[in-house]
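Notes to accompany the following structure.
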Amino acid sequence: MHRAPRLVSRPLSRRVLFQTSLRSSAANSGLGHRALSSAAPATSSGASYGAFAGIAALGGLAGYFLSQSTSGTKSNDALVSPKYATKAEVQKAITELEALLPGGGVSTNPDVLKEHGFSENSYHPSAPHSVVALAHSTEDVVKIVKIANKYRIPITAFSGGTSLEGHFGGTPGVGGICIDLSSMDAIISINEADSDMVVQSGAKWEDINQVLEDKGIPLFFPLDPGPGATIGGMIGTGCSGTNAVRYGTAKAEWFLNVTVVLPSGEVIKTRRRARKSSTGFDTTKLFIGAEGTLGIVTEATLRLAPRLPTSVATVAFPDVRKAVDAVAEILNKGVPIQCVELLDDHMMVAINKAGLADRKYPEMDSLFFKFQGSPESQKEASTTIKKIVEKHGGKHFQAARDEKEAKDLWQNRKYALWSTMALYSGARAWTTDVAVPVSRLPELVLETKKDLAASNLKSTIVGHVGDGNFHAIMIIRNEEELEAVRDAVHRLVHRALALDGTCTGEHGVGVGKKEYLVEELGPGTVELMRTVKRAIDPYNLFNPGKSFLSISPTYSLEGTGEHGVGVGKKEYLVEELGPGTVELMRTVKRAIDPHNLFNPGKLYPDIDAKPGNQH
Numbered sequence: 001m002h003r004a005p006r007l008v009s010r011p012l013s014r015r016v017l018f019q020t021s022l023r024s025s026a027a028n029s030g031l032g033h034r035a036l037s038s039a040a041p042a043t044s045s046g047a048s049y050g051a052f053a054g055i056a057a058l059g060g061l062a063g064y065f066l067s068q069s070t071s072g073t074k075s076n077d078a079l080v081s082p083k084y085a086t087k088a089e090v091q092k093a094i095t096e097l098e099a100l101l102p103g104g105g106v107s108t109n110p111d112v113l114k115e116h117g118f119s120e121n122s123y124h125p126s127a128p129h130s131v132v133a134l135a136h137s138t139e140d141v142v143k144i145v146k147i148a149n150k151y152r153i154p155i156t157a158f159s160g161g162t163s164l165e166g167h168f169g170g171t172p173g174v175g176g177i178c179i180d181l182s183s184m185d186a187i188i189s190i191n192e193a194d195s196d197m198v199v200q201s202g203a204k205w206e207d208i209n210q211v212l213e214d215k216g217i218p219l220f221f222p223l224d225p226g227p228g229a230t231i232g233g234m235i236g237t238g239c240s241g242t243n244a245v246r247y248g249t250a251k252a253e254w255f256l257n258v259t260v261v262l263p264s265g266e267v268i269k270t271r272r273r274a275r276k277s278s279t280g281f282d283t284t285k286l287f288i289g290a291e292g293t294l295g296i297v298t299e300a301t302l303r304l305a306p307r308l309p310t311s312v313a314t315v316a317f318p319d320v321r322k323a324v325d326a327v328a329e330i331l332n333k334g335v336p337i338q339c340v341e342l343l344d345d346h347m348m349v350a351i352n353k354a355g356l357a358d359r360k361y362p363e364m365d366s367l368f369f370k371f372q373g374s375p376e377s378q379k380e381a382s383t384t385i386k387k388i389v390e391k392h393g394g395k396h397f398q399a400a401r402d403e404k405e406a407k408d409l410w411q412n413r414k415y416a417l418w419s420t421m422a423l424y425s426g427a428r429a430w431t432t433d434v435a436v437p438v439s440r441l442p443e444l445v446l447e448t449k450k451d452l453a454a455s456n457l458k459s460t461i462v463g464h465v466g467d468g469n470f471h472a473i474m475i476i477r478n479e480e481e482l483e484a485v486r487d488a489v490h491r492l493v494h495r496a497l498a499l500d501g502t503c504t505g506e507h508g509v510g511v512g513k514k515e516y517l518v519e520e521l522g523p524g525t526v527e528l529m530r531t532v533k534r535a536i537d538p539y540n541l542f543n544p545g546k547s548f549l550s551i552s553p554t555y556s557l558e559g560t561g562e563h564g565v566g567v568g569k570k571e572y573l574v575e576e577l578g579p580g581t582v583e584l585m586r587t588v589k590r591a592i593d594p595h596n597l598f599n600p601g602k603l604y605p606d607i608d609a610k611p612g613n614q615h
């Protein structure tokens with residue numbers, strides 16, 4: 001199988017820079033198994049979080065009431081900036097971290113700070129952290145978070161470092177603590193009979209699937225974002241990938257539960273491992289797409305899918321509209337498509353010129369299909385696809401004749417980014433994504449191509465056409481082009497929003513897209529998100545400046561299956577979910593419904609007796 005060259009080579013590895021010694025084979029099995037006894041610490045009784053949550057709820061309510069009384073623009077411009085630690089207090093925190101994480105687990109090395117605060121894949125404003133702390137366990141994360149909370153120091157999680165929207169940069173003017181989770185990459189358990197597995201958040205999705213394959217387990221984890229992405233980052237950004245047309249995104253049911261360290265330092269596990277549960281609202285999804293602003297995920301239970309045989313086919317089209325029309329008909333026919341990718345004519349030129357592919361392609365807008373099933377069903381799918389694409393003007397249909405050719409064809413699609421970079425020696429690329437309803441994708445792609453051409457920008461486009469998501473890869477050779485690209489991205493986002501789309505299909509918000517949140521979601525929805533943030537993180541310590549425009553700090557059970565909690569089962573909530581998770585649910589409830597008017601007495605036991613509800 002061909003390997004693409006790495007786009008970015010880091011000068012020194014994090015482990016070398018930290019000068020950390022290798023852990024014992026039992027503790028540092030990487031993606032090997034480790035004992036369950038070394039899993040996350042037991043969740044606390046909830047007492048300390050209850051007090052913290054009381055303050056949080058009051059803060060959340062203050063912000064929510066303020067937003068209701070100023071319901072015009074709901075701008076955050078007038079909100080007071082957070083009061084964070086002084087430089088002297090940051091130094092005290094660093095000293096305490098060094099005592100808690102001996103053996104090189106704490107670094108202020110400028111190279112380490114730069115590596116953890118800036119990315120060659122992102123052009124968004126960033127700042128270095130004050131210190132980087134390397135965590136090996138949930139217990140380590142708790143220690144670091146409690147120090148950050150003690151001194152009011154911002155804290156940002158880091159693992160794969162693959163963000164395209166500036167998610168892991170430091171806080172401008174403050175710095176803060178960067179907690180590096182890349183060593184937390186263990187597989188804790190594989191439950192083949194249940195089609196799930198438990199992993200630490202620093203594990204990479206590619207390595208997870210390789211371990212499953214090596215062990216002969218006929219299952220895989222279907223979310224497939226960019227190379228090097230880790231489970232924690234995938235959860236934080238609500239990622240997807242090429243498989244989304246069949247398997248959906250991170251916001252589907254692929255994460256059964258997560259273990260999270262909250263801003264208070266409390267540890268919660270969002271639910272049990274049962275495949276289904278109707279116990280309250282889904283606190284797991286509270287953290288999917290939250291970009292580390294509500295909690296730091298340290299472990300996750302992943303749902304797995306059967307690993308089925310696959311094959312690949314490609315076809316060229318005279319224009320994007322005909323290609324999308326063909327895809328719509330194929331999907332509506334129920335053909336078992338796993339992936340369907342659109343590569344525009346510029347991308348096909350780039351692939352041919354780069355010389356990485358094993359063949360030359362027609363330099364036209366093209367589709368790459370991956371379909372799955374038995375050999376008989378693959379043959380039937382290929383025949384059906386061929387008939388439909390030819391009806392819509394498709395030409396040069398190629399279907400893989402065997403497994404090796406299928407891998408080669410799909411690898412050629414994976415060369416898209418590297419091929420674009422190879423067009424111009426020494427050039428860099430800005431990659432951005434948007435998504436629209438599939439029927440509006442041709443209009444968006446065509447208008448974007450016209451805009452980029454009029455701006456004299458060199459670009460290629462690759463899209464997950466089955467779900468209306470596409471990426472524009474724009475070449476940057478000088479400062480003038482950098483500014484032109486910034487403007488082009490801005491126009492692209494507004495174009496997508498005008499078509500009932502989103503500013504980001506899978507890259508997340510981070511710094512790069514946060515200015516579009518109110519336009520896309522509306523001021524009420526964004527203020528609701530801020531209210532939840534203030535309730536859980538009243539001092540705005542977790543990844544501040546990301547996702548939200550601005551935040552002001554303020555002072556084995558049976559389960560429910562599918563019948564819900566209501567009155568009949570609310571007494572079991574704490575036993576099933578743990579006091580920390582239930583208190584988190586109460587905190588969100590109090591922040592949004594301070595007078596407990598909506599369906600009181602259901603779901604939450606004794607909500608009136610908890611702090612923060614007397615107003």
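Each residue of the sequence shown is one higher than the one before, starting from 1 at the first, in the UniProt record's numbering. Quick reminder that beta carbons are idealized off the backbone N, C-alpha and C, glycines included.
Between residue 460 and residue 473, which are expected to be in contact by the criterion C-beta below 8 Å, what is the C-beta distance as a whole number of angstroms? Against the sequence shown, residue 460 aligns to sequence position 460. Against the sequence shown, residue 473 aligns to sequence position 473. Their Cβ separation, rounded to whole angstroms, is 5 Å, which keeps residue 460 and residue 473 in contact under 8 Å.
**Prompt:** Closest by CA to residue 415, which one among 466, 110, 353, 527?
**Reply:** The sequence position of residue 415 within the sequence shown is 415, counting from 1. Measuring from the Cα of residue 415, the nearest candidate turns out to be 353.
Self-check item: Three-state secondary structure assigned by DSSP to residue 177
Solution: Numbered from 1 along the sequence shown, position 177 holds the residue referred to as residue 177. If DSSP states are grouped into helix, strand and coil, residue 177 belongs with the strands.
What is the rounded straight-line gap between the Cα of residue 456 and the Cα of residue 437? If you number the sequence shown from 1, residue 456 lands on position 456. If you number the sequence shown from 1, residue 437 lands on position 437. Distance between the alpha carbons of residue 456 and residue 437: 28 Å.
**Assigned secondary structure, residue 509 (DSSP; H/G/I helix, E/B strand, else coil)** = As a working mapping, residue 509 is identified with position 509 in the sequence shown. Residue state, collapsed to three classes: coil.
task: Spatial neighbours of residue 32 within its chain, please: CB distance less than 6 Å, with the 5 preceding and 5 following residues excluded, ordered by chain position.
output: Walking along the sequence shown from the start, residue 32 turns up at place 32. Bear in mind that a pLDDT of 42 at residue 32, under 50, signals an unreliable position, so the number given afterwards is only what the model happens to contain. Same-chain partners within the cutoff: there are none.
Work out the CA separation of residue 313 and residue 382 for me, nearest whole Å.
-> Position 382 of the sequence shown, counted from the start, is the residue given in the question as residue 382. Position 313 of the sequence shown, counted from the start, is the residue given in the question as residue 313. Straight-line Cα distance between these residues: approximately 7 Å.
Is it the case that the Cβ atoms of residue 178 and residue 124 are separated by a distance below 8 Å?
Translated into the one-based positions of the sequence shown, residue 178 becomes position 178. Translated into the one-based positions of the sequence shown, residue 124 becomes position 124. Annotated as distal: residue 178 and residue 124, with beta-carbon spacing of 8 Å or more.
Validate contact between the region 148-155 and the region 85-93 using beta carbons, cut 8 Å, 3 pairs = The region 85-93 and the region 148-155 touch, with three or more beta-carbon pairs separated by less than 8 Å.
Mark residue 332 as exposed unless 16 or more other C-beta atoms lie within 10 angstroms of its C-beta, in which case mark it buried.
As a first step, residue 332 is located in the sequence shown; it is residue number 332 there, counting from the start. Looking at its Cβ environment, which holds fewer than 16 other Cβ atoms inside 10 Å, residue 332 is exposed.
Please say whether residue 493 and residue 503 have beta carbons closer to each other than 8 Å?
Reading the sequence shown from its first residue, position 503 is the one you call residue 503. Reading the sequence shown from its first residue, position 493 is the one you call residue 493. The Cβ atoms of residue 503 and residue 493 sit closer than 8 Å to each other.
DSSP beta-bridge partners of residue 365
For the purposes of this step, residue 365 is identified with residue 365 of the sequence shown, where counting begins at 1. BP columns for residue 365 point to 317.
Considering only C-alpha positions, which residue in the set 159, 145, 506, 347 is nearest to residue 228? By one-based count along the sequence shown, residue 228 stands at place 228. Of the listed residues, the one whose Cα sits closest to residue 228 is 159.
**Prompt:** For residue 274, which of helix, strand or coil comes out of DSSP?
**Reply:** Locating residue 274 in the sequence shown gives position 274, where the first residue counts as 1. Here DSSP, grouped into helix, strand and coil, assigns residue 274 to coil.
Give me the residue from 100, 263, 359, 134 with the minimum Cα distance to residue 537.
On the sequence shown, position 537 is the one that residue 537 refers to. Cα-wise, what sits closest to residue 537 is 263.
Whose C-beta lies closer than 8 Å to the C-beta of residue 37 among residues of the same chain, with five residues either side of it excluded? In the sequence shown, the residue the question calls residue 37 occupies position 37. Since pLDDT at residue 37 reaches only 32, below the 50 mark, its modelled position is unreliable, and the value read off the structure follows with that caveat. Nothing listed; no residue qualifies.
- With DSSP collapsed to three states, give me the class of residue 116. One-based indexing of the sequence shown puts residue 116 at position 116. In the structure shown, residue 116 sits in a helix (DSSP, three-state: H, G or I).
Just checking my contact of residue 255 with residue 284 at CB under 8 Å: how many whole Å lie between their CB atoms? The count along the sequence shown starts at 1 and reaches residue 255 at position 255. The count along the sequence shown starts at 1 and reaches residue 284 at position 284. With a Cβ gap of about 6 Å, residue 255 and residue 284 count as contacting.
| said: Let's test the definition: count the other Cβ atoms within 10 Å of the Cβ of residue 463 and tell me whether it reaches 16, buried, or not, exposed. | reply: Here the question's residue 463 lines up with position 463 in the sequence shown. Burial call: buried.
| task | Would you kindly work out how many angstroms separate the C-alpha atoms of residue 557 and residue 483, rounded to a whole number? | result | If you number the sequence shown from 1, residue 557 lands on position 557. If you number the sequence shown from 1, residue 483 lands on position 483. Residue placement at residue 557 is poorly supported in this model, since its pLDDT is 31, which falls under 50; the coordinates still yield a value, given next. Here the C-alpha atom of residue 557 lies approximately 57 Å from the C-alpha atom of residue 483.
Touch test, the region 196-203 against the region 292-304, Cβ-Cβ under 8 Å, three pairs minimum: Yes: the two stretches touch, three or more of their Cβ pairs being nearer than 8 Å.
Suppose the cutoff is 7 Å on Cβ atoms and the five residues either side in sequence are ignored; what does the same chain contact list for residue 357 look like? By one-based count along the sequence shown, residue 357 stands at place 357. These residues qualify, in order along the chain: 351, 412, 415.
Do you know how far the Cα of residue 92 is from the Cα of residue 22?
Start at 1 with the first residue of the sequence shown, and residue 22 comes out as number 22. Start at 1 with the first residue of the sequence shown, and residue 92 comes out as number 92. Bear in mind that the predicted position of residue 22 carries a pLDDT of just 30, short of 50, making it unreliable; the figure below should be weighed with that in mind. In a straight line, the C-alpha of residue 22 is about 28 Å away from that of residue 92.
Indicate whether residue 320 and residue 445 have their beta-carbon atoms separated by less than 8 Å.
Counting from 1 along the sequence shown, the entry for residue 320 is found at position 320. Counting from 1 along the sequence shown, the entry for residue 445 is found at position 445. Against a cut-off of 8 Å, the Cβ pair of residue 445 and residue 320 comes out as a contact.
For residue 406, tell me which candidate among 443, 310, 379, 376 has the shortest Cα-Cα distance. Along the sequence shown, read from residue 1 onward, the residue named residue 406 stands at position 406. Selected option, being the one with the closest Cα: 310.
*asked:* Classify residue 368: buried if its beta carbon has 16 or more other beta carbons within 10 angstroms, exposed otherwise.
replied: As a first step, residue 368 is located in the sequence shown; it is residue number 368 there, counting from the start. Buried, since its Cβ has 16 or more Cβ neighbours within 10 Å.
- Query: How would you write the range of the alpha helix (DSSP H) that residue 206 sits in, first residue to last?
  - Reply: Counting from one through the sequence shown, the residue named residue 206 turns up at place 206. Boundaries of the alpha helix (DSSP H) harbouring residue 206: 205-214, taken from the DSSP string.
Straight-line gap, residue 170 to residue 426 (C-alpha atoms, nearest Å): Residue numbering aside, residue 170 sits at position 170 when the sequence shown is read from its first letter. Residue numbering aside, residue 426 sits at position 426 when the sequence shown is read from its first letter. Roughly 28 Å separates the two Cα atoms.
Which first and last residues belong to the beta strand (DSSP E) in which residue 412 is found? Along the sequence shown, one-based indexing puts residue 412 at 412. DSSP places residue 412 outside any beta strand (DSSP E); the residue lies instead in the alpha helix (DSSP H), whose first and last residues are 403-414.
query: Does the Cβ of residue 598 have 16 or more other Cβ atoms within 10 Å, making it buried, or fewer, making it exposed?
result: Taking the sequence shown and counting its residues from 1, one reaches residue 598 at position 598. Around the beta carbon of residue 598, fewer than 16 other beta carbons sit within 10 angstroms, so the residue counts as exposed.
Buried versus exposed, by CB contacts within 10 Å (16 or more), residue 466: Taking the sequence shown and counting its residues from 1, one reaches residue 466 at position 466. Buried, since its Cβ has 16 or more Cβ neighbours within 10 Å.
Practice problem: Spatial neighbours of residue 146 within its chain, please: CB distance less than 6 Å, with the 5 preceding and 5 following residues excluded, ordered by chain position. | Solution: Residue 146 sits at position 146 when you count from the first residue of the sequence shown. Annotation for residue 146: 265 place their beta carbon closer than 6 Å to its own, counting only its chain and skipping 5 residues before and after.
Where residue 588 and residue 535 are concerned, what is the direct C-alpha to C-alpha distance, given to the nearest angstrom?
-> Here residue 588 refers to the residue found at position 588 when the sequence shown is read from its first residue. Here residue 535 refers to the residue found at position 535 when the sequence shown is read from its first residue. Whole-angstrom Cα-Cα distance: 7 Å.
key: Residue from 583, 478, 592, 372 with nearest C-alpha to residue 532   = What you label residue 532 is simply residue 532 of the sequence shown in a count that begins at 1. Taking the Cα of residue 532 as reference, the smallest distance to any Cα among 583, 478, 592, 372 is reached at 592.
For residue 402, count neighbouring Cβ atoms within 10 angstroms of its own Cβ and tell me buried if that reaches 16, exposed if not. By 1-based counting over the sequence shown, the position of residue 402 is 402. Around the CB of residue 402, fewer than 16 other CB atoms lie within 10 Å, so the residue is classed as exposed.
task = Can you check the region 380-461 for any beta strand (DSSP E) of at least 3 residues that lies completely inside it and give the ranges in chain order?
result = For the region 380-461, whole beta strand (DSSP E) runs of length 3 or above, ordered along the chain, are 395-399, 428-435.
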